[in-house]
Amino acid sequence: MKTTFAVNWQYGVATHSGWFRMINEDRSLLRIGSTESGEPYAVAVIADGMGGSGDGEKASDVATEVVRRWLDEQLPSILRRKLIWGKLDNSIERLFYEVNDRLIQIGKDAGNQIGTTLSLLFLLNETYFLCHIGDCRIYKVNYKMHIRQLTRDQSWIYEQIRKGRLSRQQARKHPKRHVLMQCLGYQKNLKLIKRTGFFVPEHLFLLCTDGFYDRLSDTRIERFLREGEKEQQDLQQMSDMLIDRALDKRSNDNISVVLLRSLNANFTFWQRLWHRTKNFQILFPVQWRK
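Its first residue numbered 46, the sequence shown is counted upward by one per residue in the working numbering.
Printed below as a string of structure tokens:
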């Protein structure tokens with residue numbers, strides 16, 4: 046399996062410790078390649094560690110290390126299959142549990158719990174699959190630079206918003222806005238969020254940690270993306286610009302963003318329609334549509 050096919054993708058990755066943090070506990074990972082039959086794929090990962098005294102850094106390091114080994118040792122055999130999506134789903138779920146078990150054991154050995162969020166996005170043949178736990182975010186951005194959040198924040202503050210107890214404006218400055226309900230490393234049973242769907246080459250994917258979106262509303266993010274597009278920035282320049290905008294807002298947390306876009310159209314209109322119709326039941330099982 047080929048491991049570098051950047052000609053098929055445009056991407057940018059940027060991070061900053063923030064104005065008031067000495068240690069950056071965010072980690073990101075990007076793998077771009079092609080299957081043996083020549084189909085381009087991409088995997089983007091973002092993690093935000095927690096634990097204090099550098100333990101958060103250790104947790105996010107462990108998460109990305111385990112993911113990297115999965116990319117090297119297990120993903121190639123999955124991509125050789127004719128029907129990959131069910132196998133991919135099961136394998137990624139086991140991957141998250143493996144990270145979780147590793148972190149729990151490290152915490153027991155050290156006498157101090159450590160944890161991390163983890164969000165993984167897989168792209169192949171104009172189809173995306175994501176698995177997520179915590180409060181990092183994955184957005185899909187259309188050609189007009191309108192963003193749509195694909196993940197759900199597994200945080201105390203999100204639950205208050207969902208139940209109508211707090212407005213989004215109130216939540217932005219609430220002292221409990223960083224309290225997580227789910228992450229890796231703290232409990233055996235996980236509530237993973239999975240989602241799958243389709244995209245076209247004009248779509249852009251944005252992965253980010255809470256240090257980025259905490260100070261920037263969706264409207265501001267859209268505006269900055271449009272500015273970058275208008276200035277014909279490549280995605281690395283745009284990633285750097287987004288970090289700068291979060292710093293301008295005095296973000297006091299680590300800040301990380303990953304931008305990813307496919308450059309090639311895999312299908313004609315009719316091929317795309319046939320592909321989506323054929324794969325609907327496979328990609329959208331009933332339990333995911335509830």
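Glycine is no exception: its CB is placed at the ideal position from the N, C-alpha and C atoms.
Query, Result
"Taking 7 angstroms as the cut-off, does the CB of E102 come closer than this to any heavy atom belonging to the ligand NAD?", "With respect to the ligand NAD, the structure offers nothing, as it holds no ligand at all."
"Check the C-beta distance from N157 over to D93 and give it rounded, since I have them as a contact under 8 angstroms.", "Not confirmed; about 18 angstroms, so no contact."
"Would you mind giving the Cβ-Cβ distance between D298 and G83, rounded to the nearest angstrom? I have them listed as a contact below 8 angstroms.", "With a Cβ gap of about 41 angstroms, D298 and G83 do not count as contacting."
"Work out the CA separation of K153 and I183 for me, nearest whole Å.", "31 angstroms"
"Out of Q194, R271, H177, which has the shortest C-alpha to C-alpha gap to L361?", "The structure shown does not extend to residue 361, since the chain is modelled only from 46 to 335, so the question has no answer here."
"Buried or exposed: where does L305 fall if 16 or more other Cβ atoms within 10 Å of its Cβ makes it buried?", "buried"
"Can you give the Cα-Cα distance for G78 and Q282, rounded to whole angstroms?", "22 angstroms"
"Do N309 and P85 have their C-beta atoms closer together than 8 angstroms?", "yes"
"What first and last residue would you give for the alpha helix (DSSP H) that runs through K275?", "263-275"
"Since K239 contacts D134 with CB under 8 angstroms, what's their CB separation in whole angstroms?", "7 angstroms"
"Does the segment 269-278 come close enough to the segment 193-210 to have 3 or more Cβ pairs within less than 8 angstroms?", "no"
"Find the nearest neighbour of L169 within the set E138, H191, L124, I202, judged by alpha-carbon distance.", "L124"
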